[in-house]
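Enquirer:
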Amino acid sequence: MVDAARHPKIDIRAYTEVERVEGFVGNFKVQLREKAKYVLADRCNGCGECAKACPIEVPNYFEMNLAPRKAAYVPMSQSVPLIYNIDMDACIHCFKCVEACGKLEAIDFSMQDKYTWEDVGAIILATGYSHFDPSLIPEYGYGKYPNVITAMEMERINNSAGPTHGDIVRPSDHKNPQKVAFINCVGSRDKRFNPWCSNFCCMYSIKNAVLIKQGHPEMDVSIYYMDIRTPSKGYEEFYDRARELGVKFIQGRPSMITEDPITHNLFVHSEDVTLGRVTELEYDMVMLNQAAIPQPDANVMSSLLNASQSPGGWFMEYHPKLRPMDSPTDGVFLCGACQGVKDIPASVAQGSAAASRAGRILHSDEWEIEPTVALVWEDRCVSAQGKKCGICANACPYGAITYETGKAAEVITAKCHGCGGCVAECPHNAITQLHFTDAQVLAQMRALLAHKPEEKILAFRCHWCSYGGADLAGTSHFDYSSNERGIRVMCSARLDTDFIFEAYRLGAGAVLYSGCHPQDCHYITGQVLGATRADRIRKGLESAGMNPDRFRVEWISAAEGDKYSRVINEMQAALDNIPREILLEEIETLRPTMEKRARRLREVPEVESAISYSDSADQAVKAKEA
Amino acid sequence: MHTETIETFADKVRTIPGGEHLEMCFSCGTCVSKCMIQQKVEADYNPRRLIRKAVFGLDQDAFSDITTWMCSACDLCYPACPQKIHISGVINAVRDLAVQAGSSTPLSTAVVNEKTCVGCGLCVEVCPYEAIELKEKPVPNRGQNLTIAQVDRNKCMACGLCAASCRSTSIELKESFSNDALVDDLWDWLAVQKAEVDA
Chain A
1 MVDAARHPKI DIRAYTEVER VEGFVGNFKV QLREKAKYVL ADRCNGCGEC AKACPIEVPN
61 YFEMNLAPRK AAYVPMSQSV PLIYNIDMDA CIHCFKCVEA CGKLEAIDFS MQDKYTWEDV
121 GAIILATGYS HFDPSLIPEY GYGKYPNVIT AMEMERINNS AGPTHGDIVR PSDHKNPQKV
181 AFINCVGSRD KRFNPWCSNF CCMYSIKNAV LIKQGHPEMD VSIYYMDIRT PSKGYEEFYD
241 RARELGVKFI QGRPSMITED PITHNLFVHS EDVTLGRVTE LEYDMVMLNQ AAIPQPDANV
301 MSSLLNASQS PGGWFMEYHP KLRPMDSPTD GVFLCGACQG VKDIPASVAQ GSAAASRAGR
361 ILHSDEWEIE PTVALVWEDR CVSAQGKKCG ICANACPYGA ITYETGKAAE VITAKCHGCG
421 GCVAECPHNA ITQLHFTDAQ VLAQMRALLA HKPEEKILAF RCHWCSYGGA DLAGTSHFDY
481 SSNERGIRVM CSARLDTDFI FEAYRLGAGA VLYSGCHPQD CHYITGQVLG ATRADRIRKG
541 LESAGMNPDR FRVEWISAAE GDKYSRVINE MQAALDNIPR EILLEEIETL RPTMEKRARR
601 LREVPEVESA ISYSDSADQA VKAKEA
Chain B
1001 MHTETIETFA DKVRTIPGGE HLEMCFSCGT CVSKCMIQQK VEADYNPRRL IRKAVFGLDQ
1061 DAFSDITTWM CSACDLCYPA CPQKIHISGV INAVRDLAVQ AGSSTPLSTA VVNEKTCVGC
1121 GLCVEVCPYE AIELKEKPVP NRGQNLTIAQ VDRNKCMACG LCAASCRSTS IELKESFSND
1181 ALVDDLWDWL AVQKAEVDA
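Keeping their order, the protein sequence lines are chains A and B.
The letter at position 412 of the first sequence is residue 412 when you use the numbering used here, and the numbering goes up by one with no holes.
The letter at position 166 of the second sequence is residue 1166 when you use the numbering used here, and the numbering goes up by one with no holes.
(1) Taking C-beta to C-beta, are residue 184 of chain A and residue 289 of chain A nearer than 7 Å?
(2) For the beta strand (DSSP E) containing residue 181 of chain A, list its first residue and its last residue.
(3) Assess contact between the stretch 1053-1060 of chain B and the stretch 1120-1127 of chain B, defined as three or more Cβ pairs (one per stretch) separated by less than 8 Å. Is contact present?
(4) To the nearest angstrom, how far is the alpha carbon of residue 172 of chain A from that of residue 146 of chain A?
(5) What residue range is occupied by the uninterrupted beta strand (DSSP E) comprising residue 369 of chain A?
(6) For the alpha helix (DSSP H) containing residue 462 of chain A, name the first residue and the last one.
(7) Which of helix, strand or coil does DSSP assign to residue 614 of chain A?
(8) Name the residue from A/415, A/548, A/519 whose alpha carbon lies nearest to the alpha carbon of residue 373 of chain A.
(9) Would you mind telling me which residues of chain B sit closer than 9 Å to residue 386 of chain A, beta carbon to beta carbon, in chain order?
(10) Counting only Cβ pairs nearer than 7 Å, list the residues of chain A close to residue 1026 of chain B.
(11) If contact is defined by three or more beta carbon pairs under 8 Å, each pair taking one atom from either stretch, is the stretch 459-468 of chain A in contact with the stretch 384-395 of chain A?
(12) I'd like the span of the alpha helix (DSSP H) that includes residue 581 of chain A, first residue to last.
(13) Are the Cβ atoms of residue 315 of chain A and residue 335 of chain A separated by less than 7 Å?
(14) Below 8 Å, can you find three or more Cβ-Cβ pairs linking the stretch 184-194 of chain A to the stretch 277-294 of chain A?
(15) So which residues on chain A does residue 1181 of chain B lean against when the C-beta distance must stay under 7 Å?
(16) Have a look at residue 7 of chain A and residue 124 of chain A and give me their C-alpha separation to the nearest angstrom.
(17) Buried or exposed: residue 354 of chain A, going by 16 or more other Cβ atoms within 10 Å of its Cβ?
(18) What in chain A is Cβ-close to residue 1048 of chain B, meaning under 8 Å?
(19) Under 7 Å between C-beta atoms, does residue 190 of chain A make it to chain B?
(20) In the stretch 252-269 of chain A, which residues sit with their C-beta less than 8 Å from some C-beta in chain B, listed in chain order?
(21) With residue 413 of chain A and residue 377 of chain A assumed to form a contact (beta carbons below 8 Å), what rounded beta-carbon distance in angstroms separates them?
(22) In whole angstroms, what is the alpha-carbon distance linking residue 1076 of chain B and residue 264 of chain A?
(23) Pair every Cβ in the stretch 22-35 of chain A with every Cβ in the stretch 111-119 of chain A, then say whether three or more of these pairs are closer than 8 Å.
(24) Is residue 170 of chain A closer than 7 Å to residue 260 of chain A when the C-beta atoms are compared?
(25) With DSSP as the reference, identify every bridge partner of residue 513 of chain A, one or two as the case may be.
(26) Assuming residue 331 of chain A contacts residue 122 of chain A (C-beta within less than 8 Å), just tell me the rounded distance between them.
(27) Let's test the definition: count the other Cβ atoms within 10 Å of the Cβ of residue 621 of chain A and tell me whether it reaches 16, buried, or not, exposed.
(28) By alpha-carbon positions, which one of A/562, A/537, A/558 ends up nearest to residue 550 of chain A?
(29) Using only alpha-carbon positions, find the residue among B/1038, B/1181, B/1057, B/1135 that is nearest to residue 280 of chain A.
(30) Determine which residues of the stretch 1009-1040 of chain B have a Cβ less than 7 Å from any Cβ of chain A, and write them out in chain order.
(31) Please list, in chain order, the residues of the stretch 397-424 of chain A that have any C-beta partner in chain B closer than 8 Å.
(32) List the residues that DSSP assigns as beta-bridge partners of residue 269 of chain A.
(33) Using the C-alpha atoms, what's the distance from residue 436 of chain A back to residue 463 of chain A?
(34) Is the stretch 420-431 of chain A in contact with the stretch 477-488 of chain A, if contact means three or more CB pairs nearer than 8 Å?
(35) Is the stretch 1114-1123 of chain B in contact with the stretch 1146-1160 of chain B, if contact means three or more CB pairs nearer than 8 Å?
(36) So, using beta-carbon positions, are residue 1163 of chain B and residue 1175 of chain B closer together than 7 Å?
See the structure below:
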């Protein structure tokens, strides 16, 4: 900490909140609110005279409320920067601290929160985690029985700088306990509260047990566990050491703790699973290893930075295996437990990785992005004509589109990841996606459906998942119908309703609308956008009177080659079930409806030239055949 | 690629409502240490082990396990289970399968004295397990279509509420909980009390 504070290129802004974030990778603007400390940072020398003079005592959060602190305080004696702070919620304005400070004149009661804007190139989120409140589990009696404590409280009691100077005492009578039990998985691996494993509790309960056993070999220490998880380097050896020191490991999850009201001793009711017998053992003190949970205000940071959260509330990484330190927003990185529960070595490794990822951005003058970004045709955007729209901005999972009535919508190219959701959503065809323009996709469709379209299955696949699934089906030699014709787009969000209707107008036998599973989507919520639209298309086709077997929506991952081949084969079988003359008749009857629904596609710039080009190519092929 | 699915014992348990999610069991033992039957009545009673027997397809073991027959569905364990398994539902499903396979409860369940039952239906109302029904039955020396209480042995948990509420002492548990045995116990206890007072 001190090294970081002395480093010429590190600027620590303690007691400061992020209020707003604007801009994009390499060019963020961040508004910071430096909360008023009521002590001038440049004058305070950290002598602590103000704290000595202060008559007010409040519980010390850093000591897990086991010790008091003054209203003029530093969180801990090693705080960096060492500047005192006055807690205005507790202060009674006696001004004794001002007297004590004397000539330094560092205390200023008129101080206000200070707002500043800073230019930054990259942002690293390292907001950590919070603790589960064990009093939510009534059967363990935390908060009701004085000698049931949490692991963090044990951490302070067992610390030589802590409130008891490292003397292990129990809260009810301040005597040294002789029998101590630790209970693992309190609130974690518990579907009633948090389903995840909190990762490091096994190790720190063993650590605390070893520390106690080393100092007090006569003390009886038992650990109640469901499974002991010691997967990392050296961890299993540490577990062995705890056994050698005589720590008792009891497999079984306690169902309740009861208390002797006179001695305040505790009875832990649990089945010893290995014995198959219910035990009710007496302990002097019980420690609960509570679950790690996301910071309660993680959602605020999530909306500030457009950094999405996983279902549990942890920040979502770009890719769980390949990019675990990147957030879905370019230039925002994650490290430590805010991304998912992890212990210190893993947090340090991820922090170093995040720092070097951020360094890549800071060291380059130009930043390369994927070329498949969206572009707005300003003359077509109705927002420019003074109408209220903004559909594209709502569709964008990255918040890359800004719009104002009276001005054409604007795509911030550096923020755009190229899913194409806005392109498909725009009702006026005013946005296009480079390399996946309507004209390009249409040209592919016309080429694939040029001959005997009624026999063809046109498969729209997303680049990341279902295209990979089809590829895997091929490389694994899973047979599927040769009538399948595939078109790749970046995301199922790009699949315009016009494409589907145009495919049926061209006479396609069947159409597959495929993409990632929702949790696998590479564009945060692109699949959700695609899935909603697919539902709408299905209803539209049903109301037009089309055979529902001719349209199918499937979410296929890159690992599901077998599913891809099965889906295509099922579609082929369904298509074979429709007699050819009925199919041809249905295509002809529906052609005017489809033409009407896909009419907007023809308004798109360059589409006419694509159509005339594919027509001429078609004629050339026919002439050659003739 | 097609594989034939074989219906295991666990699958059978799963298809009975209440028997789902048994494969989620951690085997942590919370249910066992929460259970009052295990602690106060029967040391061999163990829901965790019964779930394990069901998962591993040990159906004969499960049918002869006392746990299958003694669960009173008080549901003390259900709110404590970290995997949210409805344990009494699983036990009930195993019991249904045991009955289908021809096993029957080892408990000394309630028995109706057909000669004296008047068919008032009090016992039907008090039974917490819906094990008693009023049905017509021919009874020798009383009539051909007599409406009397009849006990479903496999639903009865031998709690004795019916015996306590019957006004004509026509329904009772057998062996050590029969009316005679209980009255004898009471006399013995009174004799002990009296001896203590005299001394």
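Don't be surprised by glycine CBs; every beta carbon is placed ideally from N, CA and C.
Expert: Reading off the structure:
(1) Walking along the first sequence from the start, residue 184 of chain A turns up at place 184. Walking along the first sequence from the start, residue 289 of chain A turns up at place 289. Yes, the pair counts as a contact, with Cβ atoms nearer than the cut-off.
(2) Start at 1 with the first residue of the first sequence, and residue 181 of chain A comes out as number 181. Its beta strand (DSSP E) spans residues 179-186.
(3) no
(4) Taking the first sequence and counting its residues from 1, one reaches residue 172 of chain A at position 172. Taking the first sequence and counting its residues from 1, one reaches residue 146 of chain A at position 146. Taking the straight line from one Cα to the other gives about 6 Å.
(5) As a working note, residue 369 of chain A is residue 369 in the first sequence. Counting along the chain, residue 369 of chain A falls outside any beta strand (DSSP E), and DSSP gives it neither H nor E.
(6) For the purposes of this step, residue 462 of chain A is taken as the residue at position 462 of the first sequence. Counting along the chain, residue 462 of chain A falls outside any alpha helix (DSSP H), though it belongs to the beta strand (DSSP E) covering 457-462.
(7) As a first step, residue 614 of chain A is located in the first sequence; it is residue number 614 there, counting from the start. The answer is helix: DSSP assigns residue 614 of chain A an H, G or I state.
(8) Stepping through the first sequence from its first residue, residue 373 of chain A is reached at position 373. The residue with the shortest Cα to Cα distance from residue 373 of chain A is A/415.
(9) Counting from one through the first sequence, the residue named residue 386 of chain A turns up at place 386. Here the premise fails: no neighbours, minimum Cβ distance about 55 Å.
(10) Walking along the second sequence from the start, residue 1026 of chain B turns up at place 26. Here the neighbours are 226.
(11) no
(12) If you number the first sequence from 1, residue 581 of chain A lands on position 581. Taken as a continuous stretch (DSSP letters only), the alpha helix (DSSP H) holding residue 581 of chain A covers 580-597.
(13) The residue given as residue 315 of chain A occupies position 315 in the first sequence. The residue given as residue 335 of chain A occupies position 335 in the first sequence. Not closer than 7 Å, so no.
(14) yes
(15) To locate residue 1181 of chain B, count along the second sequence from 1; it is residue 181. Chain A residues near residue 1181 of chain B: none, gap ~29 Å exceeds 7 Å.
(16) As a first step, residue 7 of chain A is located in the first sequence; it is residue number 7 there, counting from the start. As a first step, residue 124 of chain A is located in the first sequence; it is residue number 124 there, counting from the start. Rounded to whole angstroms, residue 7 of chain A to residue 124 of chain A spans 18 Å at the Cα level.
(17) As a first step, residue 354 of chain A must be located in the first sequence, where it is residue number 354. Looking at its Cβ environment, which holds 16 or more other Cβ atoms inside 10 Å, residue 354 of chain A is buried.
(18) Counted from its first residue, the second sequence places residue 1048 of chain B at position 48. Under the 8 Å cutoff, chain A gives 271, 273.
(19) By one-based count along the first sequence, residue 190 of chain A stands at place 190. True, the Cβ-Cβ gap to chain B drops below 7 Å.
(20) 252, 253, 254, 255, 256, 269
(21) For this step, residue 413 of chain A is matched to residue 413 along the first sequence. For this step, residue 377 of chain A is matched to residue 377 along the first sequence. So it is not a contact: roughly 15 Å between Cβ atoms.
(22) One-based indexing of the second sequence puts residue 1076 of chain B at position 76. One-based indexing of the first sequence puts residue 264 of chain A at position 264. The straight-line gap from Cα to Cα measures roughly 25 Å.
(23) yes
(24) Taking the first sequence and counting its residues from 1, the one referred to as residue 260 of chain A is at position 260. Taking the first sequence and counting its residues from 1, the one referred to as residue 170 of chain A is at position 170. No, they are not a contact pair.
(25) By 1-based counting over the first sequence, the position of residue 513 of chain A is 513. Residue 513 of chain A pairs with A/460, A/553.
(26) Residue 331 of chain A sits at position 331 when you count from the first residue of the first sequence. Residue 122 of chain A sits at position 122 when you count from the first residue of the first sequence. Going by Cβ atoms, the distance from residue 331 of chain A to residue 122 of chain A rounds to 5 Å, so yes, they are a contact pair.
(27) Translated into the one-based positions of the first sequence, residue 621 of chain A becomes position 621. Exposed, because fewer than 16 other Cβ atoms sit within 10 Å of the Cβ of residue 621 of chain A.
(28) For the purposes of this step, residue 550 of chain A is taken as residue 550 along the first sequence, with counting starting at 1. Per the Cα distances, A/537.
(29) Taking the first residue of the first sequence as 1, we reach residue 280 of chain A at position 280. The shortest Cα separation from residue 280 of chain A among B/1038, B/1181, B/1057, B/1135 belongs to B/1038.
(30) 1026, 1027, 1028, 1029, 1030, 1032, 1033, 1034, 1038, 1039
(31) none
(32) Looking up residue 269 of chain A in the first sequence gives position 269. Paired residue(s): A/256, A/280.
(33) To locate residue 463 of chain A, count along the first sequence from 1; it is residue 463. To locate residue 436 of chain A, count along the first sequence from 1; it is residue 436. Going by the C-alpha atoms only, they are around 12 Å apart.
(34) no
(35) yes
(36) What you label residue 1163 of chain B is simply residue 163 of the second sequence in a count that begins at 1. What you label residue 1175 of chain B is simply residue 175 of the second sequence in a count that begins at 1. Cβ atoms of residue 1163 of chain B and residue 1175 of chain B: not closer than 7 Å.
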